[in-house]
Amino acid sequence: MQFRILGPLEIRSADGPVEVRGVKRRALLAALLLHPGQVVSVSRLVDALWEEEPPRSAASNIRTYVAGLRASLGALRVVSHPSGYLIRVEPGELDLLLFETLANQGQRAAKDGDALEAAMTLERAAGLWRGEPLTGMELGSWVRARITLLGDRRWGVLSALVEAEMALGRYEEPIVRLRRMLEERPLCERTWAQLMVALSRVGRKAEALLAFAQARELLTRELGLEPCPELREVQRGILAGRKTLPWSGHQYTRTGSSRRALPPAAPGLHEEASAWPHGRPVASGPAGEGAASGLVGRAAGEGAASGLVGRAAELGEIVGALTTPGGPGVVAVCGSPGAGKTALLLRAVHELAPRFSDGRLHQVLDGSAEDPKPASAALAEFLRALGVPARRQPAGVEERAALYRSLLAGRRVLVVLDDVADAAQLRPLLPGPGGCRVLVAGRTRLAAPEGARQVHVGPLAQEPAIELLRQLIGEDRAAREPQQLRSIAAACAG
Numbered sequence: 197m198q199f200r201i202l203g204p205l206e207i208r209s210a211d212g213p214v215e216v217r218g219v220k221r222r223a224l225l226a227a228l229l230l231h232p233g234q235v236v237s238v239s240r241l242v243d244a245l246w247e248e249e250p251p252r253s254a255a256s257n258i259r260t261y262v263a264g265l266r267a268s269l270g271a272l273r274v275v276s277h278p279s280g281y282l283i284r285v286e287p288g289e290l291d292l293l294l295f296e297t298l299a300n301q302g303q304r305a306a307k308d309g310d311a312l313e314a315a316m317t318l319e320r321a322a323g324l325w326r327g328e329p330l331t332g333m334e335l336g337s338w339v340r341a342r343i344t345l346l347g348d349r350r351w352g353v354l355s356a357l358v359e360a361e362m363a364l365g366r367y368e369e370p371i372v373r374l375r376r377m378l379e380e381r382p383l384c385e386r387t388w389a390q391l392m393v394a395l396s397r398v399g400r401k402a403e404a405l406l407a408f409a410q411a412r413e414l415l416t417r418e419l420g421l422e423p424c425p426e427l428r429e430v431q432r433g434i435l436a437g438r439k440t441l442p443w444s445g446h447q448y449t450r451t452g453s454s455r456r457a458l459p460p461a462a463p464g465l466h467e468e469a470s471a472w473p474h475g476r477p478v479a480s481g482p483a484g485e486g487a488a489s490g491l492v493g494r495a496a497g498e499g500a501a502s503g504l505v506g507r508a509a510e511l512g513e514i515v516g517a518l519t520t521p522g523g524p525g526v527v528a529v530c531g532s533p534g535a536g537k538t539a540l541l542l543r544a545v546h547e548l549a550p551r552f553s554d555g556r557l558h559q560v561l562d563g564s565a566e567d568p569k570p571a572s573a574a575l576a577e578f579l580r581a582l583g584v585p586a587r588r589q590p591a592g593v594e595e596r597a598a599l600y601r602s603l604l605a606g607r608r609v610l611v612v613l614d615d616v617a618d619a620a621q622l623r624p625l626l627p628g629p630g631g632c633r634v635l636v637a638g639r640t641r642l643a644a645p646e647g648a649r650q651v652h653v654g655p656l657a658q659e660p661a662i663e664l665l666r667q668l669i670g671e672d673r674a675a676r677e678p679q680q681l682r683s684i685a686a687a688c689a690g
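Just so you know, we're using this note's numbering here: the sequence shown kicks off at 197 and counts up by one.
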């Protein structure tokens, strides 16, 4: 049997298409297929099937839907577990698993410097995508968050594929691919840089420089940002006629023969790894007039935590709460040290950034240190980021807070505060009512304002913990030592 979820849901057997009827039954199948071979709890399945308040009979309804799936797919396909259900999938049956296998193989080849192997394997991985996963289905927030992460994974595969192709001396196909990618994500600077490199390599220098101008105009208009240093370096390199440019595939040591046939081109990991700022605020956003002109620069952490594991539900809750009209103005994330709060915040910032047209303000408040940052010092740094020099700032914390709120009034800014000590430190940093939203994290449940959403980050479940360890030590070692991997995950308790 074949299951295809990288596009509209499709199931095929040796006899032809398999029909699974019913919106809820199909949604249940989709949620299980996103975690093949893993137990998905009943509570998570309820969240996947009912976006609003679930019926009292939700658990009973799920049992009925499972019975229907077994009738369509076979009695042994969906397995009951004390806490939920899992779907059995054999090797080669699910396009998602094949995609992950090929993507990992391609990335290993790229790491080893083998451009030809990387290009062939990554092209096969990208070709499995037929559109947005599970197109047209009604799915809960954590399922949608998982789909978003898959989209990032695909994007990175395409970006790595382009570099491998350029290392092979192939440029025309990457140019077409890159233009298609920019239609999906026009603000991706890495993709603009790759397009500029490809155009320059085929003698289209004027088009390459025009692409830089287009990227700069778009970034300035939409985000109020100048192009990143790497993009500017590509422009300078093209103007100077340099042979080696960033993101051109020059890191490959083995290219083989570019005449060797590659699989057909297909549309489809944009990997960013910015460090979270420590002890200083980072602001990004439109460079308008007046005080708000300080909202410029690169937002640290934006796009980071691409390897976030096992937190799709929490991520979906955060993003949903801060983007729903009439939702809470503050989301407070709490959890023990090392639970992954900062990684979750980084990922949430990446997801939320396009929704806040006036930019983002970030700051780490050192709440876990012996001397947490005073609210007055944090306000002083935010005011500087908003364009108010130190000599023009009031001395008192209340006056600084009032000025801070007045500068944010009428704007849509995301304020992100990590490692918050307590409510006394937090309260002066909250903007007034309006379009701003606040995402905070601390080790204890904060006495956040009335109506704030509290999100607890607990220990990872066993399987996500194993996946996190697998990412840390690599697929090869994980495959050699599966029992040790499980023992370590159990000993760490998530």
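Note that the Cβ used here is the ideal one computed from N, Cα and C, for glycine as well.
Of the residues the options, the one placed nearest residue i, counting alpha carbons only
i, options, result
"residue 325", "203, 289 and 298", "203"
"residue 650", "523, 222 and 567", "523"
"residue 429", "608, 639, 349 and 385", "385"
"residue 232", "338, 290, 575 and 243", "290"
"residue 315", "553, 354 and 282", "354"
"residue 547", "603, 518 and 377", "518"
"residue 382", "298, 648, 396 and 416", "416"
"residue 540", "605, 282 and 615", "615"
"residue 418", "564, 550, 362 and 573", "550"
"residue 302", "507, 320 and 288", "320"
"residue 542", "585, 515 and 520", "515"
"residue 609", "538, 348, 631 and 620", "631"
"residue 334", "310, 566 and 226", "226"
Residue i versus residue j - alpha carbon distance
i, j, result
"residue 432", "residue 618", "48 Å"
"residue 200", "residue 296", "13 Å"
"residue 224", "residue 285", "15 Å"
"residue 358", "residue 412", "22 Å"
"residue 535", "residue 351", "27 Å"
"residue 222", "residue 216", "6 Å"
"residue 401", "residue 390", "13 Å"
"residue 696", "residue 365", "Here the chain comprises residues numbered 197 to 690, so residue 696 is not present and cannot be evaluated."
"residue 638", "residue 239", "26 Å"
"residue 532", "residue 562", "15 Å"
"residue 377", "residue 387", "7 Å"
"residue 599", "residue 589", "8 Å"
"residue 219", "residue 246", "11 Å"
"residue 244", "residue 322", "27 Å"
"residue 571", "residue 423", "32 Å"
"residue 581", "residue 372", "40 Å"
"residue 206", "residue 634", "40 Å"
"residue 259", "residue 676", "37 Å"
"residue 307", "residue 356", "10 Å"
"residue 507", "residue 435", "45 Å"
"residue 629", "residue 602", "11 Å"
"residue 396", "residue 437", "9 Å"
"residue 283", "residue 583", "55 Å"
"residue 403", "residue 292", "37 Å"
Boundaries of the alpha helix (DSSP H) in which residue i is found, first to last residue
i, result
"residue 245", "238 to 245"
"residue 518", "508 to 519"
"residue 398", "First-last for residue 398: undefined, no H or E at that position."
"residue 425", "425 to 436"
"residue 337", "337 to 363"
"residue 589", "Segment: none, residue 589 is in no alpha helix (DSSP H) and carries neither H nor E."
"residue 577", "571 to 581"
"residue 324", "Note, residue 324: premise wrong, no alpha helix (DSSP H); not H, not E."
"residue 619", "619 to 622"
Run of the beta strand (DSSP E) containing residue i, from where it starts to where it stops
i, result
"residue 206", "206 to 209"
"residue 367", "Where residue 367 is concerned, there is no enclosing beta strand (DSSP E), given that its DSSP letter is neither H nor E."
"residue 280", "280 to 283"
Opposing strand residues paired with residue i [DSSP bridges]
i, result
"residue 199", "207 and 290"
"residue 530", "638 and 652"
"residue 177", "In the structure displayed, the chain extends from 197 to 690; residue 177 sits before or after that span and is not available."
"residue 610", "556 and 633"
"residue 212", "209"
DSSP three-state assignment for residue i, whether helix, strand or coil
i, result
"residue 231", "coil"
"residue 276", "strand"
"residue 458", "Low confidence applies to residue 458: its pLDDT is 36, below 50, so where it sits in the model is not reliable enough to give any reading."
"residue 559", "strand"
"residue 550", "helix"
"residue 536", "coil"
"residue 627", "coil"
"residue 264", "helix"
"residue 404", "helix"
"residue 545", "helix"
"residue 564", "coil"
"residue 253", "coil"
"residue 372", "helix"
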